[in-house]
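> To start, I am sharing the structure in question, which I have written as structure tokens.
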Amino acid sequence: DTGVSQDPRHKITKRGQNVTFRCDPISEHNRLYWYRQTLGQGPEFLTYFQNEAQLEKSRLLSDRFSAERPKGSFSTLEIQRTEQGDSAMYLCASSSDRGSYGYTFGSGTRLTVV
Amino acid sequence: AQSVTQLGSHVSVSEGALVLLRCNYSSSVPPYLFWYVQYPNQGLQLLLKYTSAATLVKGINGFEAEFKKSETSFHLTKPSAHMSDAAEYFCAVTPNQAGTALIFGKGTTLSVSS
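Structure representation (structure tokens):
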């Protein structure tokens, strides 16, 4: 068990470009979550998958954001036409519906839009 | 809807002193409550969680928290602060339904001086 992995750790992009982040959850976890964290704030929920189904989306997830989890394993988060306001840390977490009730977070992807 | 209020965005203590970080929650259903710690440019690490078992919860690194339903509180304490405890601490709540996302507070920065 290597924990939750996120790639890349850092991304600098120009305004208007598209970016994609990847999250690999703990292998036996069937639930996966995306959060966004801006400086000085707590993480804000973006979206949630159970297996490959996207079950919940926050109002924060504008139409420029899309997330997928095609085979119920890894997930991708894409931001189209990035804006400076998208600059943030994007965190992924996973959990299981069996056993203890806990969420494991990855180290995050820090996005800077210039 | 669930929400979390962390009183005090910044707490400073001396090494060896008591650490008290405050968290109050709002929930229309019995909640699950969590404390996470975040070091700079890293993801969140679970300190402890309350999932309707014992009201006094012991976590890692000597931290503990007590669930007080009458006060809707879940304050985090540690008897003796260590320099390595300096970090950002987040309280989070979720209704005790499987799969629901965590709602975080804005966080409290703990500084420890020698």
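As given, the protein sequences belong to chains X and R, one line each in that order.
For the first sequence, the tail end lands on 890 under the numbering used here, and the numbers increase by one without skipping.
For the second sequence, the tail end lands on 130 under the numbering used here, and the numbers increase by one without skipping.
Every residue gets a Cβ at the ideal spot worked out from N, C-alpha and C, and that includes glycine.
Measure the alpha-carbon distance for Gly816 (chain X) versus His91 (chain R) and round it to whole angstroms.
Between the alpha carbons of Gly816 (chain X) and His91 (chain R) lies a gap of roughly 20 Å.
> Along chain X, in chain order, which residues have C-beta atoms closer than 8 Å to that of Gln58 (chain R)?
Ser883, Gly884
> Find the residues of chain R that neighbour Gln817 (chain X), judging by a C-beta separation of less than 8 Å, and give them in chain order.
Taking a Cβ-Cβ cut-off of 8 Å, the neighbours of Gln817 (chain X) in chain R comprise Lys122, Gly123, given in sequence order.
> Go ahead and label Asp839 (chain X) buried or exposed: buried means 16 or more other beta carbons lie within 10 angstroms of its beta carbon, across all protein chains shown.
exposed
> Return the first residue and the last residue of the beta strand (DSSP E) that Met865 (chain X) is part of.
864-871
> Residues of chain R with a CB under 7 Å from the CB of Tyr809 (chain X): which are they?
The answer, in chain order, is Ala117.
> Considering only C-alpha positions, which residue in the set R:Gly32, R:Glu31, R:Ser28, R:Cys39 is nearest to Glu87 (chain R)?
R:Cys39
> With 16 as the cutoff for other CB atoms within 10 Å, does Thr814 (chain X) come out buried or exposed?
exposed
> Which bits of chain X does Leu62 (chain R) rub up against, with CB to CB less than 9 Å?
Those are Gly878, Tyr879, Thr880, Phe881, listed as they occur along chain X.
> Taking Val20 (chain R) as the reference, give the member of R:Ser127, R:Thr93, R:Leu37 with the closest Cα.
R:Leu37
> Exposed or buried, Gly32 (chain R), counting other C-beta atoms within 10 Å across all chains shown (16 or more means buried)?
exposed
> Could you pull out every residue in the same chain whose Cβ sits closer than 8 Å to the Cβ of Leu836 (chain X), ignoring the five residues on either side in sequence?
Arg812, Glu820, Phe821, Leu822
> Cutting at 6 Å between CB atoms, please list the residues of its own chain near Gly763 (chain X), excluding the five before and the five after it.
Outside the displayed range of chain X (777 to 890) lies residue 763 (chain X), so it cannot be described from this structure.
> Taking Cβ positions, are Thr885 (chain X) and Pro801 (chain X) nearer each other than 7 Å?
no
> Determine the chain R residues that contact Leu836 (chain X) at a beta-carbon separation under 7 Å, and present them in chain order.
Result: empty, since nearest Cβ-Cβ is about 12 Å, beyond 7 Å.
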